[in-house]
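Please read the structure below before turning to the comments.
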Amino acid sequence: MTMQVLETARQKVAQLLVGVQDVEEAVVRGERLHNGKCFAVAYVDLSDDVVGRAQDLCEFQERILGEEYFNSPGDLRWNKYIYIVAGPNSVKQPDFQRAKTVIEADEDFARKRVVSEDELASVLGAAQYFTPSANSQEFDILGEWAKLLADASIDGILDRPARTTMLERIGSGQAGREATPKKALSLHASDKHLHEQWLSSLRVESFRPVHDGKERFDFGQVTLITGPNGAGKTSLLEAIEFFYCGQNRRAQTGKAKVYGTLWDNDKEHLAPTDSSRLRARCLHWYNLDEKYANGLLNGFGRYNFLDTDAAFRVAADLDPKELPEDLSRLIVGSDASQVWSYVDKLSPEVQTAAERALLYVQNAQKTLEGQQAQLKDLQERPSDAKALTEAFRASLPLIGYRGILPTTPFVSSDEAKPIQAAYSALQVLLAAGPSFTTLASLGERSRAIDEIRSAIEPLDREEKALYAKTSEMEERVGNFEAWAKILARWAEYVRDRYVPTRDEYLRRRDLVTAVGTKLGAFANFEVPAMDQAYKSVRLVDALNNAIQGIQSASSEVTSLEQLSASFGQVATARARTAQELKTAVLAAFNESPRVLRRLHTLRRWSHEQEIKPFFTRGAQTRCSHGA
Numbered sequence: 005m006t007m008q009v010l011e012t013a014r015q016k017v018a019q020l021l022v023g024v025q026d027v028e029e030a031v032v033r034g035e036r037l038h039n040g041k042c043f044a045v046a047y048v049d050l051s052d053d054v055v056g057r058a059q060d061l062c063e064f065q066e067r068i069l070g071e072e073y074f075n076s077p078g079d080l081r082w083n084k085y086i087y088i089v090a091g092p093n094s095v096k097q098p099d100f101q102r103a104k105t106v107i108e109a110d111e112d113f114a115r116k117r118v119v120s121e122d123e124l125a126s127v128l129g130a131a132q133y134f135t136p137s138a139n140s141q142e143f144d145i146l147g148e149w150a151k152l153l154a155d156a157s158i159d160g161i162l163d164r165p166a167r168t169t170m171l172e173r174i175g176s177g178q179a180g181r182e183a184t185p186k187k188a189l190s191l192h193a194s195d196k197h198l199h200e201q202w203l204s205s206l207r208v209e210s211f212r213p214v215h216d217g218k219e220r221f222d223f224g225q226v227t228l229i230t231g232p233n234g235a236g237k238t239s240l241l242e243a244i245e246f247f248y249c250g251q252n253r254r255a256q257t258g259k260a261k262v263y264g265t266l267w268d269n270d271k272e273h274l275a276p277t278d279s280s281r282l283r284a285r286c287l288h289w290y291n292l293d294e295k296y297a298n299g300l301l302n303g304f305g306r307y308n309f310l311d312t313d314a315a316f317r318v319a320a321d322l323d324p325k326e327l328p329e330d331l332s333r334l335i336v337g338s339d340a341s342q343v344w345s346y347v348d349k350l351s352p353e354v355q356t357a358a359e360r361a362l363l364y365v366q367n368a369q370k371t372l373e374g375q376q377a378q379l380k381d382l383q384e385r386p387s388d389a390k391a392l393t394e395a396f397r398a399s400l401p402l403i404g405y406r407g408i409l410p411t412t413p414f415v416s417s418d419e420a421k422p423i424q425a426a427y428s429a430l431q432v433l434l435a436a437g438p439s440f441t442t443l444a445s446l447g448e449r450s451r452a453i454d455e456i457r458s459a460i461e462p463l464d465r466e467e468k469a470l471y472a473k474t475s476e477m478e479e480r481v482g483n484f485e486a487w488a489k490i491l492a493r494w495a496e497y498v499r500d501r502y503v504p505t506r507d508e509y510l511r512r513r514d515l516v517t518a519v520g521t522k523l524g525a526f527a528n529f530e531v532p533a534m535d536q537a538y539k540s541v542r543l544v545d546a547l548n549n550a551i552q553g554i555q556s557a558s559s560e561v562t563s564l565e566q567l568s569a570s571f572g573q574v575a576t577a578r579a580r581t582a583q584e585l586k587t588a589v590l591a592a593f594n595e596s597p598r599v600l601r602r603l604h605t606l607r608r609w610s611h612e613q614e615i616k617p618f619f620t621r622g623a624q625t626r627c628s629h630g631a
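Numbered by the numbering used here, the letters in the sequence shown go through residues 5 to 631 in order.
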């Protein structure tokens with residue numbers, strides 16, 4: 005069985021390599037060509053003895069390629085590979101994994117890998133995964149996805165919200181696309197042509213001491229970098245990596261400054277370190293929507309080999325199944341790649357949520373079916389409540405109940421409300437006595453109540469009219485009292501000679517004003533205090549003022565006498581009016597029994613309170629003219 009498997013592997017090697025020949029038993033040698041020239045040599049061990057090869061690995065290498073190794077051209081000496089095929093016999097051996105690790109860790113003579121027969125096609129260079137077509141055309145994969153998702157009402161996936169939010173929206177049936185899409189990373193204007201043109205020169209201002217401050221490095225389409233150990237070959241390649249990625253894989257570079265120039269353009273571009281700008285490069289160059297900026301290093305290192313081990317590292321670390329997916333991401337574009345990654349992560353979560361929802365629905369359905377069965381059993385089972393309900397409804401027509409009887413099995417609260425209302429009305433009638441047990445007696449009582457109400461309504465209206473009139477009179481009395489207080493205060497002013505004093509003040513103020521006008525500018529100085537003897541006033545003027553004051557006082561006395569007489573007349577009229585008012589009020593009380601509840605208040609107002617003076621508008625006018 006083992007020999008058959010390895011023979012099949014030999015046939016695959018013959019198809020994949022050129023110039024295949026036997027080196028020794030179960031070991032073949034083949035070459036890989038490019039444009040008719042060999043660029044790599046592969047040795048394939050088909051003995052299916054991985055553990056044995058690990059034990060005599062050094063002797064095995066010396067035997068199959070030791071002599072050829074030193075006789076090979078310099079460019080082929082470093083491109084030799086040994087592939088040891090692990091068949092069923094090797095895999096069953098207990099020390100297989102340890103032997104595999106030992107073989108692949110050895111770096112003498114050639115790079116080594118332990119592979120299965122199925123992996124030969126990928127490590128030896130199988131046919132292209134994608135065959136170019138002359139009839140190829142642009143295809144909007146994202147547009148097609150958008151149509152399919154919109155038909156399913158889940159096109160909100162294109163906006164890539166938080167996955168927990170998206171799961172909730174899908175569960176609630178609101179997974180359609182929202183009006184505001186997620187803002188995408190945009191490529192910086194200086195980076196749009198950076199991946200489309202060759203790098204023509206590099207100037208290192210500060211990166212590694214071996215190159216800091218030196219003249220710029222010029223590159224062609226193909227550039228050979230030579231020099232002894234420590235000359236800075238690797239550092240120069242890492243400076244190129246830093247120019248494109250803004251970071252370096254080997255170690256932290258601190259505040260590095262690396263400038264690059266592209267072909268057909270003399271403008272220098274400074275290597276950026278801004279995270280969003282580096283993430284945009286990663287997205288638009290490799291269609292990888294990375295959360296952190298160092299994701300650009302992974303994409304750059306996968307497709308740009310800056311050292312001799314890079315190609316082997318990719319071949320060793322990369323799962324063959326991942327290569328078609330990575331190439332597909334490059335083909336479909338950045339937007340579709342982002343949606344691809346989002347759906348790839350969201351799909352298992354949706355599946356899990358759907359399984360949980362289905363389980364919940366199944367449990368709920370079982371619970372509902374059980375409860376429906378219990379309800380049906382209870383409804384069909386005879387009970388006292390059901391028997392009482394039927395008896396109750398059968399007795400209602402017998403007592404004259406005219407309501408609509410429901411058909412539900414049991415009495416509800418809505419059914420009992422009208423019956424309770426009727427029962428309450430019956431209790432009220434029974435409490436009124438035996439005279440209200442018939443409809444005729446109730447009608448007679450209702451008619452008597454209407455007659456009494458008709459007789460009371462005119463009295464009620466009369467009461468309201470008298471109350472309004474009384475309120476008006478009380479308001480007038482209050483106004484008269486206010487005017488009486490004003491007149492009493494004015495009388496005090498007259499007794500104190502307020503009016504002549506005020507007139508004299510005004511006359512003298514006018515005189516001072518007139519004198520000041522005549523004096524003009526001489527009046528703008530401070531007036532000295534007047535002497536107690538008034539020696540500056542002429543005697544004639546003082547005498548005239550005294551005569552005028554006596555005449556004014558006489559006039560005031562005459563006015564006060566007239567005012568006193570008028571006041572007496574008004575007081576008499578006031579007393580007479582108050583007596584008439586009292587008589588009218590008492591007469592109204594005697595004629596209207598329904599207003600007796602106000603008798604105490606009005607009598608107290610008429611007997612205990614003194615009716616204050618009040619004046620008519622004509623009397624007020626006369627007093628004002630007299631004053």
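Glycine included, every Cβ here is placed at the ideal spot set by N, Cα and C.
Quick caveat, the model's predicted, so the values are computed rather than measured.
Relative to the C-alpha of residue i, which residue among the options is closest?
i, options, result
"Tyr296", "Gly305, Glu66, Tyr290 and Cys286", "Cys286"
"Val262", "Ala591, Leu203 and Gly234", "Leu203"
"Gln65", "Glu29, Ile86 and Val54", "Ile86"
"Asp339", "Gln375, Leu292, Gly305 and Gly374", "Leu292"
"Asp278", "Leu372, Tyr290 and Lys259", "Lys259"
"Ile68", "Ala30, Met477, Asp388 and Gly224", "Ala30"
"Cys249", "Asp268, Pro276, Ala235 and Leu241", "Pro276"
"Gly553", "Arg580, Gln366, Asp155 and Asp507", "Asp507"
"Gly91", "Asn269, Asp122, Ala166 and Ala114", "Asp122"
"Arg281", "Glu294, Arg493, Glu359 and Arg449", "Glu294"
"Gly234", "Asp112, Glu479, Arg212 and Asn269", "Arg212"
"Lys645", "Asp195, Tyr346 and Trp344", "Lying outside 5 to 631, the shown extent of the chain, residue 645 is not represented and no answer is given."
"Leu400", "Leu382, Ala426, Gln376 and Asp388", "Ala426"
"Gln59", "Lys96, Arg102, Tyr47 and Leu80", "Arg102"
Using beta-carbon positions only, say whether residue i and residue j come within less than 8 angstroms of one another.
i, j, result
"Glu560", "Val498", "yes"
"Glu108", "Val119", "no"
"Asp52", "Leu10", "yes"
"Val226", "Lys218", "no"
"Val45", "Lys84", "yes"
"Ile199", "Trp82", "The residue you asked about is not Ile; residue 199 is His in the sequence shown. Contact: no."
"Gly175", "Ala357", "yes"
"Pro504", "Ser563", "no"
"Gln342", "Arg173", "no"
"Ala243", "His197", "no"
"Leu379", "Met170", "no"
"Asn298", "Gln251", "yes"
"Arg36", "Val22", "yes"
"Ile161", "Leu152", "no"
"Glu329", "Arg167", "no"
Which residues in the same chain as residue i place their Cβ atom closer than 6 angstroms to its Cβ, once the five residues preceding and following it in sequence are excluded?
i, result
"Arg397", "Leu409"
"Ala486", "none"
Note down, in chain order, each residue of its chain lying with its Cβ closer than 7 angstroms to the Cβ of residue i, except the 5 sequence neighbours on either side.
i, result
"Arg14", "Val32 and Leu50"
"Ala284", "Leu189, Ser190, Leu191 and His192"
"Ile229", "Lys237 and Leu240"
"Ala18", "Val24"
Tell me, to the nearest whole angstrom, how far the beta carbon of residue i is from that of residue j; I am working on the premise that it is less than 8 angstroms.
i, j, result
"Leu61", "Asp110", "6 angstroms"
"Leu266", "Gln201", "4 angstroms"
"Ser239", "Phe223", "Going by Cβ atoms, the distance from Ser239 to Phe223 rounds to 15 angstroms, so no, they are not a contact pair."
"Ser157", "Gly180", "6 angstroms"
"Arg57", "Ile88", "6 angstroms"
"Val24", "Gly34", "4 angstroms"
"Val245", "Phe304", "Sequence inspection shows Glu at residue 245; the Val mentioned does not correspond to that position. Yes, Glu245 and Phe304 are in contact; Cβ-Cβ is about 7 angstroms, under 8 angstroms."
"Pro422", "Gly404", "At roughly 13 angstroms, the Cβ-Cβ gap does not stay under 8 angstroms, so Pro422 and Gly404 are not in contact."
Return no unless some Cβ of chain D is closer than 8 angstroms to the Cβ of residue i.
i, result
"Ala340", "The structure shown contains no chain D; it is built from a single protein chain."
Below 8 angstroms CB to CB, which residues in the same chain sit around residue i once its five sequence neighbours on both sides are set aside?
i, result
"Leu274", "Lys261, Val262 and Tyr263"
"Met477", "Leu585"
"Asp112", "Cys62 and Gln65"
Minimum length 4: unbroken alpha helix (DSSP H) runs contained in the segment 78–114: 78–81, 92–96 and 100–109
Secondary structure, alpha helix (DSSP H): runs of 4+ residues fully inside the segment 463–535: 502–523
Within the segment 19–74, ranges of the beta strand (DSSP E) (whole runs, at least 3 residues): 22–28, 31–38 and 41–49
Segments of 3+ residues assigned as beta strand (DSSP E) that fall wholly inside the segment 222–277: 261–266 and 272–274
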